[in-house]
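S.K.:
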Amino acid sequence: MSKNLIEVGKVLKIFRYPVKGMRGNSLDKAHLGWYGVEGDREYALTSPKDVRSGRPWLTGRLVPELIGYEAKYENDHYVKNVEVQVITPDGKSLQLSSNELKRNFFKLFGKDVQILKLSTGCFDSLAISLISDSTTRSIGESVGLALDPRRFRPNLYIEITNNEFSSESDWLGRGLFFGNREKVSKIRLLKDNVRCVMVNIDPDTQEKSAAVLKEVTKYRDSKAGVYGSTEQIGEIRVGDSIYLSEN
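For what it's worth, the working numbering labels the leading residue of the sequence shown as 97, then goes sequentially.
#1: I need the boundaries of the alpha helix (DSSP H) containing A223, first residue and last residue.
#2: Helix, strand or coil for Y315? Go by DSSP, reduced to three states.
#3: Ordered along the chain, which non-local residues of its own chain (more than five positions away) have a Cβ less than 8 Å from that of Q210?
#4: Which term fits S225, buried or exposed, when burial requires 16 or more other beta carbons within 10 angstroms of its beta carbon?
#5: Could you spell out the range, first to last residue, of the beta strand (DSSP E) harbouring R112?
#6: If you draw a straight line from the alpha carbon of I163 to that of D136, how long is it in whole angstroms?
#7: Where does F219 sit, in a helix, a strand or coil, going by DSSP?
#8: At what residues does the alpha helix (DSSP H) containing S230 begin and finish?
#9: In three-state terms, what does DSSP make of G170?
#10: Would W153 be called buried (16 or more neighbouring beta carbons within 10 Å of its own) or exposed?
#11: Distance, Cα to Cα, E166 vs S228?
#12: Of all the options D336, E342, S234, which has the alpha carbon lying nearest to the alpha carbon of G105?
#13: Using the C-alpha atoms, what's the distance from T301 back to N410?
#14: From this set, N259, Y339, L340, E331, which residue's C-alpha is nearest G132's C-alpha?
#15: Give the list of continuous alpha helix (DSSP H) stretches no shorter than 4 residues that lie fully inside the segment 187-221.
#16: Rounded to whole angstroms, what is the Cα-Cα separation between K207 and E179?
#17: Considering Cα atoms alone, identify which of L268, V295, G236, N296 is closest to I283.
#18: Go ahead and pull the three-state DSSP assignment for E138.
#19: Should V295 and V312 be called a contact, given that it needs their Cβ atoms to be closer than 8 Å?
#20: From what residue to what residue does the beta strand (DSSP E) around R246 run?
#21: Since Q181 is in the beta strand (DSSP E), which residue starts that stretch and which ends it?
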């Protein structure tokens, strides 16, 4: 790594969401590829008759109960073309392609649902999302809630350890390196994450609190967290130190 780096943070949690709109899972480590965290949002649910979301996929914006379904790869290990397992709200483990799960989705959405697979990921914007504990804590304190970071569906949940910076948005346009290994991964932060109603939904109970999005909209210009893209592939681990580049 270059000597012109500043240590600014630490990785607290890594999240992957194999199916867009479903609850994801926490990882100890992940491979960062050219399309973000490997296996992230590789699948989505879609219906050709539905255009309400303005996008080709169906998410918790339309049916919050979808977040009650947890998607994961076997042993949390991603292998290309491996079948995704889905844990239903009543505890059943079903394959994503199973007829029983398709019937569940029909009940949720009131229509037949198809499974879309994109090896490059089903993203609304850029492939990597990052948010800091200072951001989630500040929002939570303002609305009187202890906010689970999964409300914001980040890939990387971090702690800012350098007092020169108050927010991850301070790093927009600059690169972040992860860890002290011989070959380190790097992302570049490119834009703020503009939020929608998903932040109102508790990931475990699916209960809604409209105060969260109201706070983000009124006092943060609808922004919380940042998006980035990969510049060097490699591994990211929980506990990794984070280094900020000059440019």
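Just so you know, even glycine gets a beta-carbon here, dropped at the ideal spot from N, CA and C.
M.R.: To lay it out plainly:
#1: Looking at the DSSP string, A223 is not in any alpha helix (DSSP H), and its letter there is neither H nor E.
#2: helix
#3: L141, T142, S143, P144
#4: buried
#5: 101-112
#6: 15 Å
#7: coil
#8: 229-239
#9: One detail in the question is off: residue 170 reads as Glu in this sequence, not Gly. Here E170 sits in helix by DSSP.
#10: buried
#11: 23 Å
#12: D336
#13: Since the displayed the chain opens at 97 and closes at 343, residue 410 lies outside it and no answer follows.
#14: E331
#15: 195-205
#16: 23 Å
#17: L268
#18: coil
#19: yes
#20: Here R246 belongs to no beta strand (DSSP E), and DSSP marks it neither H nor E.
#21: 181-183
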